[in-house]
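Chemist:
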Amino acid sequence: PPSGDTDFYSVAISGNGEYIATGSFVGSYVFSSTSNVPLQTFDLGCAQSYDLTFNGQFGACGNREGEVWCFSKDSSTPLWSYSVGGIVHSVAIQSITTPTDLIIAAGSSNGYVYVFDETGGAPLWSYDADAVSGTDGGVVSVAMSGQGQYIAVGSYHDKLYLFNAAGSKLWEKPVPVSISWDGGHMG
3 PPSGDTDFYS
13 VAISGNGEYI
23 ATGSFVGSYV
33 FSSTSNVPLQ
43 TFDLGCAQSY
53 DLTFNGQFGA
63 CGNREGEVWC
73 FSKDSSTPLW
83 SYSVGGIVHS
93 VAIQSITTPT
103 DLIIAAGSSN
113 GYVYVFDETG
123 GAPLWSYDAD
133 AVSGTDGGVV
143 SVAMSGQGQY
153 IAVGSYHDKL
163 YLFNAAGSKL
173 WEKPVPVSIS
183 WDGGHMG
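For what it's worth, the numbering used here labels the leading residue of the sequence shown as 3, then goes sequentially.
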């Protein structure tokens with residue numbers, strides 16, 4: 003387990019409150035909320051961002067090396083990783099129709115948002131927020147509604163984008179981002 007001068011860059015807790023994921027330069031960990039002994043330890047690079055599904059069964063991690071990882075709390079071997087380039091500032095993961103039917107979003111300093119399914123072979127779709135704004139800066143925040151129907155994206159260009167799960171941009175606006183569980187409210 004972590005000790006000493008470990009900086010934790012991100013922490014996530016499952017929606018049911020049963021699991022916690024966190025990481026640093028020295029490793030990534032999944033804990034039960036009832037114990038400080040890790041259930042799993044991963045080497046996922048310098049972890050920058052985490053998210054867990056509502057039940058905590060699956061998680062996503064983005065790192066400073068430009069990789070997106072998907073993992074299960076039940077295995078010390080990650081399910082997959084994909085290199086997107088740039089620092090992965092933010093990730094979000096949700097179960098869609100079944101507990102193993104997943105959607106994962108990742109926002110990178112290279113200006114793109116990437117969306118994956120549970121197979122992780124390649125993005126289902128991506129969007130270049132830097133090209134749209136005409137400036138560099140990147141995507142710093144992603145959030146999803148409870149079943150992944152909507153994906154909100156915040157960029158360094160002070161813009162909020164809303165996409166549906168298929169990748170269609172519904173709108174964009176210069177505001178901060180937060181999305182409710184059912185996707186009905188943003189602010």
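The C-beta atom is built at its ideal place from N, Cα and C for all residues, glycine as well.
My understanding is that Pro40 touches Tyr31, with C-beta atoms under 8 Å, so please give their C-beta distance in whole angstroms.
Modeler: By 1-based counting over the sequence shown, the position of residue 40 is 38. By 1-based counting over the sequence shown, the position of residue 31 is 29. 4 Å between Cβ atoms; contact.
Chemist: Output the boundary residues of the beta strand (DSSP E) element that contains Tyr163.
Modeler: Position 161 of the sequence shown, counted from the start, is the residue given in the question as residue 163. It spans Leu162 to Asn166 - the beta strand (DSSP E) in which Tyr163 sits, taken as one unbroken run.
Chemist: Put Ala191 into one of helix, strand or coil per three-state DSSP.
Modeler: In the structure as shown, the chain begins at 3 and stops at 189. Residue 191 is therefore absent and cannot be evaluated.
Chemist: Which two residues bound the contiguous beta strand (DSSP E) that contains Thr43?
Modeler: Within the sequence shown, the letter at position 41 stands for residue 43. Element bounds for Thr43: Gln42 to Phe44.
Chemist: Flag His159 as yes if its beta-carbon sits less than 8 Å from any beta-carbon of chain B, otherwise no.
Modeler: Note that chain B does not occur in the displayed structure, where there is just one protein chain.
Chemist: Identify which residue in Phe118, Gly122, Gly87 and Phe73 has its Cα closest to the Cα of Gly140.
Modeler: One-based indexing of the sequence shown puts residue 140 at position 138. Among Phe118, Gly122, Gly87 and Phe73, the Cα nearest to that of Gly140 belongs to Gly87.
Chemist: May I have the straight-line CA-CA distance separating Tyr129 from Leu164, to the nearest angstrom?
Modeler: Against the sequence shown, residue 129 aligns to sequence position 127. Against the sequence shown, residue 164 aligns to sequence position 162. Whole-angstrom Cα-Cα distance: 11 Å.
Chemist: Measure from the alpha carbon of Asn38 to the alpha carbon of each residue in Thr24, Leu46 and Val28, then state which is nearest.
Modeler: As a working note, residue 38 is residue 36 in the sequence shown. Minimum Cα distance to Asn38 is reached at Thr24.
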